[in-house]
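This report concerns only the one structure given below.
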Amino acid sequence: MKNLRIENLHASIGDREILRGLTLDLPAGQVHAIMGPNGSGKSTLAKVIAGHPDYTVTAGDVLLNGESILEMEPDERARKGVFLAFQYPSEIPGVTIANFLRAALQARLPEGEELEATDYYAKLYEKMDLLQMPRNFTSRSVNEGFSGGEKKRCEILQMAMLQPSFALLDETDSGLDIDALKVVSHGVNSLRGPDIGMLVITHYQRLLNYIVPDFVHVMVNGRIVESGTKDLALKLEAEGYDWANEQEAEPVVA
Ligand code: ADP
Ligand code: MG
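The sequence shown finishes on residue 254 if you use our numbering, and the numbering steps up by one all the way, no holes.
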């Protein structure tokens, strides 16, 4: 079975350890949510999986369908089906959305095979309609001058076009008003299915009313401290993260 497995992952930036023994199994066909206070390492986890060069993995592994991806470059991980929607998407002045996505899709084709323009635009427009993005966005530079909500839509548009097998969505809800949240959630939900596993990272329970996860994990200080069903998210909403912090503070007896 297809899965993304994170095993006892330790990762640092400089000499500071941020992920401190994190284990998580994400099978295709499921949606898992990671919730946690700011600074707990959620974005670090997403970036380490995607292959961001700032982070050093000091122990543990990330396995895609049983194969370690830690030695792979980010683009190789992406071609193998890993996708990251950034919490803070970068602006790429001078590169239009249409050209950017076309290049990204072309890069996945075997040597010598050309993306068919008509098919490409048909798919692009279909996905833009799904996300209620006006057509003139295709000729705008990626994320340049976009509002927070437009950037998040653009991230999900990339996911819709690339059809990854594992998608990491880092705070896709941040900066969205309720209408935009509904549109983006609808887009994400329409991409759910047996061939994709999703890891939805969020600080707030609100998103999980729209993207209902199969499992919820609470991350504190670089580790998962509790896992459960979506009811766990409601507990966090009601009680905040203090209980989880206390749990983390207790010495762990191995
Ligand atoms: P979260 O997404 O849960 O809010 P992050 O993964 O962004 O948490 O950050 C976890 C910790 O790692 C924070 O204390 C943050 O300051 C630190 N950190 C993350 N990225 C960097 C970086 N590039 N340089 C220095 N510290 C960083
Ligand atoms: Mg973050």
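C-beta: ideal position from N, C-alpha, C; glycine also.
Status (buried if at least 16 other CB within 10 Å, exposed otherwise) for residue i
i	result
Glu246	exposed
Ile196	buried
Met128	buried
Pro213	buried
Arg135	exposed
Thr118	exposed
Glu73	exposed
Ile227	First, the residue type needs correcting, since residue 227 is Ser and not Ile in the sequence shown. Label assigned to Ser227: exposed.
Ala238	exposed
Gly193	exposed
Tyr121	exposed
Ser190	exposed
Glu171	buried
Glu155	buried
Asp231	exposed
Gly14	exposed
Spatial distance of residue i from residue j (CA atoms)
i	j	result
Glu113	Ala78	19 Å
Gly29	Ala85	18 Å
Ile34	Ser141	31 Å
Gln158	Leu101	7 Å
Arg223	Leu9	9 Å
Glu76	Asp61	17 Å
Lys235	Ser40	18 Å
Glu91	Glu144	5 Å
Leu24	Pro37	18 Å
Ala107	Phe83	14 Å
Cut-off 7 Å between Cβ atoms - residues of its own chain near residue i, not counting five sequence neighbours on either side
i	result
Asn209	none
Pro110	none
Neighbourhood of residue i by C-beta, 6 Å cutoff - its chain only, sequence neighbours within 5 removed
i	result
Ala98	Thr138
Leu63	Arg5
Leu169	Ala85 and Val200
Ala254	For Ala254, the predicted structure reports a pLDDT of 46, less than 50, and the residue's modelled location is therefore unreliable. The matter cannot be settled from this model.
Ile69	Val62 and Arg77
8 Å Cβ shell around residue i - same chain, five flanking residues per side excluded
i	result
Thr96	Thr138, Ser139, Arg140, Ser141 and Val142
Glu7	Thr23, Gly60, Asp61, Val62 and Leu63
Leu115	Arg102, Leu105, Gln106 and Leu109
Thr58	His10, Ala11, Ser12 and Glu17
From the options, residue whose alpha carbon lies closest to that of residue i
i	options	result
Val31	Gln106, Phe146, Gly66 and Leu207	Leu207
Gly66	Pro89, Leu130 and Leu26	Leu26
Leu181	His217, Lys42 and Glu150	Glu150
Lys42	Asp242, Tyr121 and Met219	Met219
Val183	Lys123, Pro89 and Met133	Met133
Gly81	Ile211, His203, Met198 and Gly94	Met198
Gln87	Ser185, Trp243 and Ser174	Ser174
- Item | Segment contact flag, the segment 44-52 with the segment 16-30, C-beta cutoff 8 Å, min 3 pairs | yes
- Query: Would you call the segment 130-147 and the segment 52-67 touching, i.e. three or more CB-CB distances under 8 Å?
  - Reply: no
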